[in-house]
Amino acid sequence: MLKRSYPSFRSALAAHDVVRLAGAHHALSGVLAQEAGFQAVWSSSLEVSASRCLPDASILSMTEYLEAAANIQKALDIPVVADVDTGYGGNYNVAHMVHEFEGAGITAVCMEDKLFPKMNSFATGDQTLLDTAAFASKIQTAKAVQSSEDFFLIARTEALISGAGVEEAVNRCNAYADAGADAVLIHSKARTKDEVVSFLDRWDNRVPVVIVPTTYPDWHIDEVRAAGVSVVIYANHGMRAALSAMRDTYRAIYEAGSTSSLESEIASVWDIFDLQRMADWQKLDA
Ligand code: SPV
Ligand code: MG
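Quick note: the sequence shown, position 281, residue 281 per the UniProt record's numbering, numbers continuous.
Here it is as structure tokens:
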């Protein structure tokens, strides 16, 4: 009753023509994403870092990201895809990461081809890519050490983020598919979908494509599906919405001197109890 069972990300992908993920940084945000209908949850390095008021710059340890992802997964009936940044170092770190995330019940991870330590894709700062062969070797390592056939590795290229262009992105993704990646993620910080579409035009669908449409938000899911994308990650909208709502709420309480004008607008304590599954827990003490 209290323990969750959930499909692997691989089976969620098999069951849907497009899998939609929402970003989360803790179990509560993951549960709200699940409640809205998302098929999986993205344990976002940006959100997890921001929840500690730290930059998304490989500052937290693998263990801290693992704990965040595992806490989200434990609360859900849908799979978590863990954003594991660069894999936290070289091949040894990647092998350890796969052991630890898989051991914690995470069925999919997404690893990116930047240098460790990395900087968030939208930030100014170093966006230098790791050499293609070196990243392919990290992919091979991850796939060689996974214990279950189900474990799913998304290889993310930051070629467009670093300014290397669509051709480089396509070449890298082909090398990553050759190395055993189960899917590729093409990230872009352009204000339109054009460079992602240009990538898709040149991609022969060897493995599924994942996108993160943060800076090109006006691409409707029906068009995304028609363009041949298999997975869409709405990476940080929950946290951004929560941030606005919390800021407004704290300010309103402080300025008004009481909470009465807010009471009808904010979630009730009983709403929180429901999300905690308080009634199920209390049966244990009945
Ligand atoms: C994240 O959510 O941490 C991501 C997506 O990796 S982005 O912030 O766009 O790099
Ligand atoms: Mg990230």
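Cβ atoms here follow ideal geometry from the backbone N, Cα and C, with glycine treated the same way.
Check your understanding: Between residue 80 and residue 97, what straight-line distance do the alpha-carbon atoms span, to the nearest angstrom?
Key -> Within the sequence shown, numbered from 1, the residue matching residue 80 stands at position 80. Within the sequence shown, numbered from 1, the residue matching residue 97 stands at position 97. When rounded, the distance between both Cα atoms is 15 Å.
Check your understanding: Opposite residue 129 in the DSSP bridges: which residues?
Key -> By one-based count along the sequence shown, residue 129 stands at place 129. DSSP output for residue 129 lists 114 as bridge partner(s).
**Study point:** Rounded C-alpha distance that separates residue 241 from residue 215
**Key:** As a first step, residue 241 must be located in the sequence shown, where it is residue number 241. As a first step, residue 215 must be located in the sequence shown, where it is residue number 215. Answer to the nearest angstrom: the Cα atoms are 16 Å apart.
Review point. Opposite residue 23 in the DSSP bridges: which residues?
Key: Here residue 23 refers to the residue found at position 23 of the sequence shown. DSSP, once it has assigned bridges, lists 42 as partnering residue 23.
Check your understanding: By how many angstroms is the C-alpha of residue 156 removed from the C-alpha of residue 202?
Key -> Counted from its first residue, the sequence shown places residue 202 at position 202. Counted from its first residue, the sequence shown places residue 156 at position 156. Rounded to whole angstroms, residue 202 to residue 156 spans 17 Å at the Cα level.
Practice item. For residue 89, I'd like the list of residues in its chain whose CB is within less than 7 Å of its CB, leaving aside the five on either flank, ordered along the chain. Key: Counting from 1 along the sequence shown, the entry for residue 89 is found at position 89. 116, listed in sequence order.
Review point. Roughly how many angstroms separate the alpha carbons of residue 83 and residue 252, rounded to a whole number?
Key: Residue 83 sits at position 83 when you count from the first residue of the sequence shown. Residue 252 sits at position 252 when you count from the first residue of the sequence shown. Roughly 35 Å between the two C-alpha positions.
Review point. Buried or exposed: which applies to residue 44, given that a residue is buried once 16 or more other Cβ atoms fall within 10 Å of its Cβ?
Key: On the sequence shown, residue 44 is found 44 positions in, with the first residue counted as 1. Buried.
Exercise for review: Please find out if some non-hydrogen atom of the ligand SPV comes closer than 7 Å to the beta-carbon of residue 101.
Suggested key: As a first step, residue 101 is located in the sequence shown; it is residue number 101 there, counting from the start. Because no heavy atom of the ligand SPV lies under 7 Å away, the Cβ of residue 101 does not count as near it: no.
Review point. When you compare only the Cα positions, how much space is there between residue 232 and residue 281?
Key: As a working note, residue 232 is residue 232 in the sequence shown. As a working note, residue 281 is residue 281 in the sequence shown. In a straight line, the C-alpha of residue 232 is about 34 Å away from that of residue 281.
Exercise for review: Determine the DSSP secondary structure at residue 95, reduced to helix, strand or coil.
Suggested key: Counting from 1 along the sequence shown, the entry for residue 95 is found at position 95. Here residue 95 sits in helix by DSSP.
Exercise for review: Assign residue 47 to buried or exposed, taking buried as 16 or more other Cβ atoms, counted over all protein chains shown, within 10 Å of its Cβ.
Suggested key: Within the sequence shown, the letter at position 47 stands for residue 47. Residue 47 is buried by the Cβ-count criterion.
**Study point:** Residues passing the C-beta test against the ligand MG heavy atoms, cut-off 7 Å
**Key:** 44, 45, 46, 56, 83, 85 and 120
Review point. With contact counted as at least three CB pairs below 8 Å, one residue from each stretch, are the segment 18 to 26 and the segment 56 to 67 in contact?
Key: At 8 Å Cβ cutoff, the stretches do not touch.
Exercise for review: Kindly indicate which three-state DSSP category residue 186 falls into: helix, strand or coil?
Suggested key: In the sequence shown, residue 186 corresponds to position 186, counting from 1. Strand.
Practice item. Locate the alpha helix (DSSP H) running through residue 172, then write down its first and last residues. Key: Along the sequence shown, one-based indexing puts residue 172 at 172. It spans 166 to 178 - the alpha helix (DSSP H) in which residue 172 sits, taken as one unbroken run.
Point to revise | Same chain only: Cβ atoms within 8 Å of residue 178, ignoring 5 sequence neighbours per side | key: Residue mapping note: residue 178 aligns to position 178 of the sequence shown, counting from 1. Taken in chain order, the residues that qualify are 136.
Check your understanding: Straight-line CA distance for residue 55 to residue 109?
Key -> Position 55 of the sequence shown, counted from the first residue, corresponds to residue 55. Position 109 of the sequence shown, counted from the first residue, corresponds to residue 109. Looking at the two C-alpha atoms, the distance is approximately 21 Å.
Check your understanding: Which residue from 220, 181 and 172 puts its Cα closest to that of residue 293?
Key -> Nothing about residue 293 can be reported from this structure: the residues present for the chain run from 1 to 286 only.
Exercise for review: Please name the residue, chosen from 113, 230 and 262, that lies closest to residue 126 on a Cα-to-Cα basis.
Suggested key: Here residue 126 corresponds to residue number 126 of the sequence shown, with the count starting at 1. If we check each option's Cα against that of residue 126, 113 comes out closest.
Review point. Below 8 Å, can you find three or more Cβ-Cβ pairs linking the segment 203 to 212 to the segment 181 to 191?
Key: These segments touch.
Practice item. Can you give me the start and stop residues for the alpha helix (DSSP H) that residue 152 sits inside? Key: Residue numbering aside, residue 152 sits at position 152 when the sequence shown is read from its first letter. Per DSSP, residue 152 belongs to no alpha helix (DSSP H); it is in the beta strand (DSSP E), 152 to 157.
Check your understanding: Under 8 Å, do residue 225 and residue 77 count as touching if we go by C-beta distance?
Key -> Locating residue 225 in the sequence shown gives position 225, counting from the first residue. Locating residue 77 in the sequence shown gives position 77, counting from the first residue. It is not a contact, given that the beta carbons lie outside the stated cut-off.
Exercise for review: Identify, in the order they occur along the chain, each residue of the same chain with its Cβ nearer than 8 Å to the Cβ of residue 171, setting aside the five sequence neighbours on each side.
Suggested key: Taking the sequence shown and counting its residues from 1, the one referred to as residue 171 is at position 171. Only 132 meet the Cβ criterion.
Review point. Using a Cβ-Cβ cut-off of 7 Å (strictly less than) and excluding sequence neighbours within five positions of residue 147, which residues of its own chain qualify?
Key: Position 147 of the sequence shown holds residue 147. The residues are 102.
Point to revise | Beta-carbon contacts of residue 130 that lie in its chain and below 7 Å, excluding the five residues immediately before and after | key: On the sequence shown, residue 130 is found 130 positions in, with the first residue counted as 1. Excluding positions up to five away in sequence, the list reads 113, 114 and 115.
Point to revise | Alpha carbon of residue 230 to alpha carbon of residue 22, nearest angstrom | key: If you number the sequence shown from 1, residue 230 lands on position 230. If you number the sequence shown from 1, residue 22 lands on position 22. Answer to the nearest angstrom: the Cα atoms are 15 Å apart.
Review point. Short check: CB of residue 153 to CB of residue 144, under 8 Å?
Key: As a working note, residue 153 is residue 153 in the sequence shown. As a working note, residue 144 is residue 144 in the sequence shown. No, they are not a contact pair.
Review point. Going along the chain, which residues of its own chain have a beta-carbon closer than 7 Å to the beta-carbon of residue 6, five neighbours each way excluded?
Key: The residue you call residue 6 lines up with position 6 of the sequence shown. Once the five neighbours on either side are set aside, the close Cβ partners of residue 6 are 76, 77, 78 and 79.
Exercise for review: Taking residue 289 as part of the beta strand (DSSP E), name the residues at either end of that continuous run.
Suggested key: The requested residue 289 does not occur in the structure, where the chain is confined to residues 1 to 286.
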